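Following: one structure in structure tokens, then a few remarks.
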Amino acid sequence: MNKPVRRTAVFSLFLVLCLLLWVTWVQAAEAGGLDDNPHNERLSIAKYAHPLGDIVVGGASVTGSAATDGDLKYKRTYRDGPLYAPVTGYSSQIYGSTQLESLDQSVLDGSDPRLKNPGQALLREPPKPGDVITTIDPAVQKAAYQALGGKTGAAVALDPATGKILGMASTPSYDPSSFSGMSEADQKAWEKLQKDPAQPMVNRALRQPLAPGSTFKLVVAAAALENGLYSSIDDKTKTPDPYLLPGTHTYVHNESAADPCENASLRQALQYSCNTVFANIAVHLGEHKLSEQAAKFGFDDNKIDVPTRAYKSVFPSGMNAAQTGLSGFGQFDVTATPLQMAMVTSAIANDGKLMSPYVVDRTTDGSSGALDVTEPRTYKDGRVMSADTAHQLQSAMRTVVEKGTGGNAKIGGLTVGGKTGTAQHGVDNSGKPYAWFVSYAQDGHGKRVAVAVMVQSSDAERAEVSGNGQAAPVAKAMMRAALG
Numbered sequence: 000m001n002k003p004v005r006r007t008a009v010f011s012l013f014l015v016l017c018l019l020l021w022v023t024w025v026q027a028a029e030a031g032g033l034d035d036n037p038h039n040e041r042l043s044i045a046k047y048a049h050p051l052g053d054i055v056v057g058g059a060s061v062t063g064s065a066a067t068d069g070d071l072k073y074k075r076t077y078r079d080g081p082l083y084a085p086v087t088g089y090s091s092q093i094y095g096s097t098q099l100e101s102l103d104q105s106v107l108d109g110s111d112p113r114l115k116n117p118g119q120a121l122l123r124e125p126p127k128p129g130d131v132i133t134t135i136d137p138a139v140q141k142a143a144y145q146a147l148g149g150k151t152g153a154a155v156a157l158d159p160a161t162g163k164i165l166g167m168a169s170t171p172s173y174d175p176s177s178f179s180g181m182s183e184a185d186q187k188a189w190e191k192l193q194k195d196p197a198q199p200m201v202n203r204a205l206r207q208p209l210a211p212g213s214t215f216k217l218v219v220a221a222a223a224l225e226n227g228l229y230s231s232i233d234d235k236t237k238t239p240d241p242y243l244l245p246g247t248h249t250y251v252h253n254e255s256a257a258d259p260c261e262n263a264s265l266r267q268a269l270q271y272s273c274n275t276v277f278a279n280i281a282v283h284l285g286e287h288k289l290s291e292q293a294a295k296f297g298f299d300d301n302k303i304d305v306p307t308r309a310y311k312s313v314f315p316s317g318m319n320a321a322q323t324g325l326s327g328f329g330q331f332d333v334t335a336t337p338l339q340m341a342m343v344t345s346a347i348a349n350d351g352k353l354m355s356p357y358v359v360d361r362t363t364d365g366s367s368g369a370l371d372v373t374e375p376r377t378y379k380d381g382r383v384m385s386a387d388t389a390h391q392l393q394s395a396m397r398t399v400v401e402k403g404t405g406g407n408a409k410i411g412g413l414t415v416g417g418k419t420g421t422a423q424h425g426v427d428n429s430g431k432p433y434a435w436f437v438s439y440a441q442d443g444h445g446k447r448v449a450v451a452v453m454v455q456s457s458d459a460e461r462a463e464v465s466g467n468g469q470a471a472p473v474a475k476a477m478m479r480a481a482l483g
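If you count by numbering that gives the first Met the number 0, then the sequence shown holds residues 0 to 483, one letter each, in order.
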């Protein structure tokens, strides 16, 4: 063999050895990573090789599976898709999955090792997929969705005693079935949703923090009582009307100059939604004490998982006195999700104790055997305020509904308390206000529900937008469905 041929042979052998080493590395060291790579088509083929487990609401499945003609043998289907999309999320053969469809995917697709019995493990047979049982009350969910109607907004209902999410609606919504497959129609449906300026795929209940307006006054009132600024909800506050923000030439005014807000008590200030009173209280308490109270309710917590993670609600820091005054009635840079404001009302309704919200009651093995069960637990240390403070706020909220700005939430036969909110936004407050309403209701047997409703936009004229007008009727429908 001449020298050039020998060199070529040695080099070729070297390349073969490199290739063998690479194949060995891929098969051994990187096998797990490749198996878990979301771009590995075998994962999708395996996931959709059989019907998926179901997400269950009120004892009935709101999801299903339908046979296809492609490599992915089954695709996800949804019953009342737009109604339950904020709860289920979606599972798409092209676009992946979100929310419960993603977070509990291993249970739903049967890959969770706990689903295999010893015989299946030995014979390497696929187990029956499991199910996800939610806390959602279908009556409450339907009431919220129907009452929101054509509005852009969201609503959340909680069981104050446990933290169970009874309803979680967001409008406009979308049908996850419309893009669950791989057809051209599925792709067009997805593209249409992505381009829709109304953003129907945004879960506004969990992931749309906006200025909460006057509903935040409940947090400020709690801080005032807890910090001893007033001993009673009926103490006078020594507040001028209008109120001059410290260090500025800017006055805070109330909705109506005729409202009895000068030196009003906390009860009167909540009843008439007096901005002046809560700006004054916020300045007297200061940013630090307000921040401490807001944090107890869940503000500034970026890890509220239900199990879908909610966006952080924010009580701003680094404010001067004037900005702190504006924060006192839910303006400046205060933001909150409907879930957050439902947590505020839930703590008040539950005598000052806040339970962590959750939407999954349990996961099962498909034969009713429980895999995971969610046990109610307190949020952080649980005690947001004293029982006495909570009782006083409950009383003041009842005054709001019975004699004040929240009359549209009255329900015969139920005890109802609430608080309206109309949040300004935009350059020089030029945008149409957000309408808020938070409330709790109690029946004659002590059963309670806490609700928060946010209407981001509606067909109402700007001057006609109010928490009582647009949001309170939604809350009323949900409370009636929960306790009626």
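Here a beta-carbon is modelled for each residue, glycine too, at the ideal position from N, C-alpha and C.
Just so it is clear, the structure is predicted and the values come from calculations on it, not from any experiment.
- Closest by C-alpha distance to E261, out of K235, R382, F331, A84, is K235.
- In the DSSP annotation of this structure, L228 is not part of any alpha helix (DSSP H), being labelled neither H nor E.
- Uninterrupted beta strand (DSSP E) stretches at least 3 residues long and entirely within the region 85-133 occur at 130-133, given in chain order.
- Taking all protein chains shown into account, Q193 has fewer than 16 neighbouring C-beta atoms within 10 Å of its C-beta and is therefore exposed.
- Here DSSP, grouped into helix, strand and coil, assigns F298 to coil.
- In this structure, the CA atom of T336 is about 51 Å from the CA atom of W21.
- Scanning P245, D111, P137 for the CA closest to the CA of A476 turns up P137.
- A straight-line Cα-Cα distance of about 18 Å links Q393 and C273.
- Boundaries of the alpha helix (DSSP H) harbouring L205: 203-206, taken from the DSSP string.
- DSSP places I164 in no alpha helix (DSSP H) but in the uninterrupted beta strand (DSSP E) bounded by 164-170.
- Taken in chain order, the whole alpha helix (DSSP H) runs of length 4 or more contained in the region 324-374 are 337-348.
- Contact annotation: the region 332-352 touches the region 296-303, with at least three C-beta pairs closer than 8 Å.
- Between K74 and A65, the beta carbon gap of about 6 Å places them in contact (Cβ cut-off 8 Å).
- Of I93, I54, S177, the smallest CA-CA separation from G63 is found for I54.
- DSSP places T388 in the uninterrupted alpha helix (DSSP H) bounded by 386-402.
- Here DSSP, grouped into helix, strand and coil, assigns A422 to strand.
- Spatial neighbours of S179 in its own chain (CB-CB distance under 6 Å, excluding positions within 5 residues in sequence) are listed in chain order as K74, R75, S91.
- According to the DSSP secondary-structure assignment, D304 is paired through a beta bridge with R308.
- For S255 against K418, the beta-carbon gap comes to about 17 Å, at or over 8 Å, which does not count as contact.
- Residues of the same chain with a CB within less than 7 Å of the CB of T373, apart from the 5 flanking positions on each side, are Y357, V359, D360, R361 in chain order.
- In the DSSP assignment, V313 falls outside any alpha helix (DSSP H) and carries neither an H nor an E.
- Annotation: V415 to A449 spans about 10 Å, alpha carbon to alpha carbon.
- Around the Cβ of S231, a 10 Å sphere holds fewer than 16 other Cβ atoms; the residue is exposed.
- Cβ atoms of A210 and L338 stay farther apart than 8 Å, at about 16 Å.
- L228 is positioned such that its CB atom lies closer than 8 Å to that of I280.
- DSSP places L157 outside any alpha helix (DSSP H); the residue lies instead in the beta strand (DSSP E), whose first and last residues are 151-157.
- Looking at the DSSP output, M453 sits in a beta bridge with A153, W435.
- In terms of Cβ geometry, G466 and A440 do not form a close pair [threshold 8 Å].
- Judged by DSSP secondary structure, Y144 falls outside any beta strand (DSSP E) and instead within the alpha helix (DSSP H) spanning 137-147.
- When the Cα atoms are used, D387 and L217 turn out to be separated by approximately 15 Å.
- Taken through DSSP and simplified to helix, strand or coil, K475 comes out as helix.
- With 16 or more other CB atoms across the displayed protein chains lying within 10 angstroms of its CB, K115 is buried.
- Of the candidates T87, T161, G57, the residue whose Cα lies closest to the Cα of P306 is T87.
- Here K191 is not bridged, per DSSP, to any residue.
- Residue pairing of L243 in beta bridges, as defined by DSSP: Y250.
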